[in-house]
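*Asks:* A single structure is presented below for examination.
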Amino acid sequence: MQATPPTAAPAPSAAPPAQDEFVPISQLPADDKLPAAPLLITAYAVVWIVLAVYVWTLWRRFLRAEQDLKSLGSRLPPGR
Amino acid sequence: MLQRSFLPLLLGGFALVTAAPLLIAAAPAESTMGLIQKIFYFHVPAWMAMFLATVVCGVSSIRYLIARKPSSDHLASAAAELAIVFGLIGLLTGPLWGRKAWGHYWQWDARLTTALVLWLIFVAYTLLRRFGGPGSERLAAGVGLFGMANVPFVYWSVNIWRTVHPKTSVVMTLDPGMRPAFYWSLFGFLAIFGALLAARTRLEALRASIDDAYLAAEDL
């Protein structure tokens with residue numbers, strides 16, 4: 013019996029087992045027929061929710077800074 | 180001040196909202212992932228904006244450490260906050276893609292883990308600025324610099340280590356039919372990033388001048 017030469021191509025991996033029954037797509041487990049559209053829409057919503065919340069917090073911080081400026085202006089003596 | 184900051188933001192957002200979904204819907208479906216691959220058109224631009232924010236923060240931090248100019252510190256602080264915002268979009272949209280493509284929301288592989296660590300570094304930066312007290316600017320600048328230094332590891336992690344995440348070559352080899360949607364979306368994200376960076380930097384400068392004015396008023 014001859015030894016396999018070291019330069020020989022690796023043996024192909026084992027073929028998947030033969031199918032012993034056909035399963036209609038309607039009977040697939042829930043995990044295997046996960047629809048993509050809700051995930052895609054959720055991802056798009058995430059983009060806008062995160063940006064909208066950030067813009068809102070930024071807007072509030074601007075308003076607070078402007079209020080601070082006004083209260084500071086009332087504290088300072090005229091002409092300062 | 181507000182009008183000047185938010186007009187580019189509105190224009191950028193308008194560009195993204197109106198055109199991107201139309202172009203994304205028209206782009207061809209990917210052969211193995213199908214519809215879920217279209218998350219790519221928001222996910223990758225969000226990470227690109229995040230990487231840009233980290234670079235702005237890192238470069239401004241170096242400038243602050245060398246020249247001690249407050250304007251560099253304001254820019255670094257603003258960019259760090261935007262790195263968190265755009266990183267959060269990337270970290271939330273990626274798992275939605277992964278759930279369909281890999282069967283799991285999260286995998287502790289090289290790309291996902293390094294990306295999470297990068298995001299946490301900028302969370303640490305912001306917490307340091309918020310609660311660090313006087314003198315935290317210099318320490319935060321060091322953290323910002325460290326964060327920027329991590330970006331190449333995150334970017335090339337998919338090419339260096341074995342990972343389930345698509346490689347960096349997918350953007351460069353993008354099908355011509357997919358390019359208009361991707362580049363339009365990228366333009367929208369970068370426009371929003373630029374507008375938010377301008378607004379946030381102005382806010383930081385405004386707050387610094389208010390603090391200085393309060394100190395001056397106490398001395399009177």
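As they're listed, the protein sequences go chains F and C.
Note that my numbering gives residue 75 to position 63 of the first sequence, counting from 1, and the numbers run on in steps of one.
Note that my numbering gives residue 180 to position 1 of the second sequence, counting from 1, and the numbers run on in steps of one.
Heads up, the beta-carbon is just placed ideally off N, CA and C, and yes, glycines get one too.
Please read these numbers as outputs of a predicted model, since none were measured by experiment.
#1: Just checking: is the beta-carbon of L214 (chain C) within a distance shorter than 7 Å of some beta-carbon in chain D?
#2: Answer with yes or no whether the minimum CB distance from V264 (chain C) to chain F is below 7 Å.
#3: Can we say the stretch 265-272 of chain C touches the stretch 237-256 of chain C, given the rule of at least three CB pairs closer than 8 Å?
#4: To the nearest angstrom, report how far apart W285 (chain C) and W276 (chain C) are at their CA atoms.
#5: Contact defined as beta carbons within less than 8 Å: I believe L186 (chain C) pairs with F372 (chain C). What is the distance between those atoms, to the nearest angstrom?
#6: Indicate whether at least one CB of chain C lies closer than 7 Å to the CB of T54 (chain F).
#7: Please give the ranges of any beta strand (DSSP E) in the stretch 260-304 of chain C, keeping only runs that are unbroken, at least 3 residues long and fully inside the region.
#8: Distance cutoff 7 Å, beta carbons only. Does L254 (chain C) sit that close to anything in chain F?
#9: Can you check whether the CB of T211 (chain C) is closer than 7 Å to the CB of G326 (chain C)?
#10: Note down, in chain order, each residue of its chain lying with its Cβ closer than 7 Å to the Cβ of A262 (chain C), except the 5 sequence neighbours on either side.
#11: Can you pull the DSSP bridge partners for G213 (chain C)?
#12: Go ahead and pull the three-state DSSP assignment for K82 (chain F).
#13: Is it right to say E397 (chain C) is buried, meaning 16 or more other beta carbons lie within 10 angstroms of its own, or is it exposed?
#14: Could you tell me whether the stretch 343-354 of chain C touches the stretch 251-260 of chain C, using the rule of 3 or more Cβ pairs below 8 Å?
#15: If we count the other Cβ atoms within 10 Å of its Cβ and call it buried at 16 or more, is Q39 (chain F) buried or exposed?
#16: For R386 (chain C) and chain F, any beta-carbon pair shorter than 7 Å?
#17: Check the Cβ of R73 (chain F) against every Cβ in chain C and list those closer than 7 Å, keeping chain order.
#18: Using a 10 Å radius around the Cβ and a threshold of 16 neighbouring Cβ atoms, would you call E383 (chain C) buried or exposed?
#19: Taking 7 Å as the threshold (C-beta atoms), are A320 (chain C) and F265 (chain C) in contact?
#20: Specify, as a first and last residue, the run of the alpha helix (DSSP H) that V316 (chain C) falls within.
#21: Among the residues of its own chain, which have a CB less than 8 Å from the CB of Q79 (chain F), if the five just before and after it don't count?
#22: Note down, in chain order, each residue of its chain lying with its Cβ closer than 6 Å to the Cβ of A360 (chain C), except the 5 sequence neighbours on either side.
#23: Out of C:K248, C:G213, C:E260, which one is the CA nearest neighbour of L376 (chain C)?
#24: Please name the residue, chosen from C:L365, C:G356, C:R317, C:A257, that lies closest to A246 (chain C) on a Cα-to-Cα basis.
*Replies:* By the coordinates alone:
#1: Protein chains F and C are contained in the structure displayed, whereas chain D is not.
#2: yes
#3: no
#4: 10 Å
#5: With a Cβ gap of about 15 Å, L186 (chain C) and F372 (chain C) do not count as contacting.
#6: yes
#7: none
#8: no
#9: no
#10: M229, A232, T233, C236, F301
#11: C:E209
#12: helix
#13: exposed
#14: no
#15: exposed
#16: yes
#17: L382
#18: buried
#19: no
#20: Just to set this straight, residue 316 (chain C) is Glu in the shown sequence, not Val. E316 (chain C) -> alpha helix (DSSP H) spans 315-339.
#21: none
#22: L202, I203, A206, Y220
#23: C:E260
#24: C:R317
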